[in-house]
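Encoded as structure tokens, the structure appears first; notes follow it.
Residue numbers (the numbering used here): 12 to 187.
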């Protein structure tokens with residue numbers, strides 16, 4: 012969820028883990044809850060081993076990290092700086108850098124491609140369609156700064172908020 016104040020923007024760009032890894036995170040959380048409940052039952056009846064004691068919380072922690080970790084961006088229009096960061100267990104790891112002049116905010120389709128490696132079958136590429144990116148076009152740069160990757164309605168909202176924040180035009184290649 013994006014946070015906008017009068018002079019700054021903070022939002023999630025994308026999850027750090029692929030959709031397949033996030034499904035594995037749900038499985039780990041479920042297994043961790045089951046193992047934790049079994050450990051509590053073991054305390055009441057016949058005791059537990061050290062491995063049983065650690066397996067539930069460890070699975071919960073790893074699953075939670077896989078589900079909640081994301082890449083984000085904070086833009087500060089007042090001090091003209093930004094940072095891209097990785098959100099992990101409530102901490103944002105990333106450094107502040109100078110924000111170049113923003114020329115426009117644009118919205119365009121975005122295809123995410125993940126490579127799944129399997130020891131039995133050859134690796135295969137999986138594409139995730141239906142995503143769009145919000146790009147901050149900067150002066151003297153062909154690349155720009157990706158501010159968000161999300162579904163169409165959310166990227167249009169974020170792009171409108173960012174164009175208002177930086178007082179620049181918003182362009183879209185979506186048509187219609």
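Ideal Cβ positions, reconstructed from N, Cα and C, are used throughout, including at glycine.
Bear in mind that the values here come from a model prediction, so they are computed numbers and not experimental data.
Rounded to the nearest angstrom, the gap between the Cα atoms of residue 102 and residue 85 is 14 Å. Our two residues, residue 179 and residue 144, have alpha carbons roughly 17 Å apart in a direct line.
The Cβ atoms of residue 160 and residue 25 lie closer than 8 Å to each other. Shown here for residue 146: same chain residues with a beta carbon closer than 8 Å to its own, the five before and five after excluded, namely 116, 117, 118, 119, 155, 156, 157, 158 in chain order.
Closest by C-alpha distance to residue 39, out of 28, 53, 23, 78, is 78. Every beta strand (DSSP E) of 3 residues or more that sits fully in the segment 16 to 83 is shown, in chain order, as 19 to 26. In the structure shown, residue 174 falls within a helical segment according to DSSP collapsed to helix, strand and coil. Rounded to whole angstroms, the separation of the alpha carbons of residue 81 and residue 121 is 17 Å. Distance from residue 108 to residue 94 at the Cβ level is roughly 7 Å; contact confirmed, criterion being Cβ atoms closer than 8 Å. As the crow flies, the alpha-carbon of residue 142 is around 5 Å from that of residue 162. Annotation: residue 149 to residue 177 spans about 12 Å, alpha carbon to alpha carbon. In the assembly as shown, residue 58 is an exposed residue. Its beta-carbon has fewer than 16 other beta-carbons within 10 Å.
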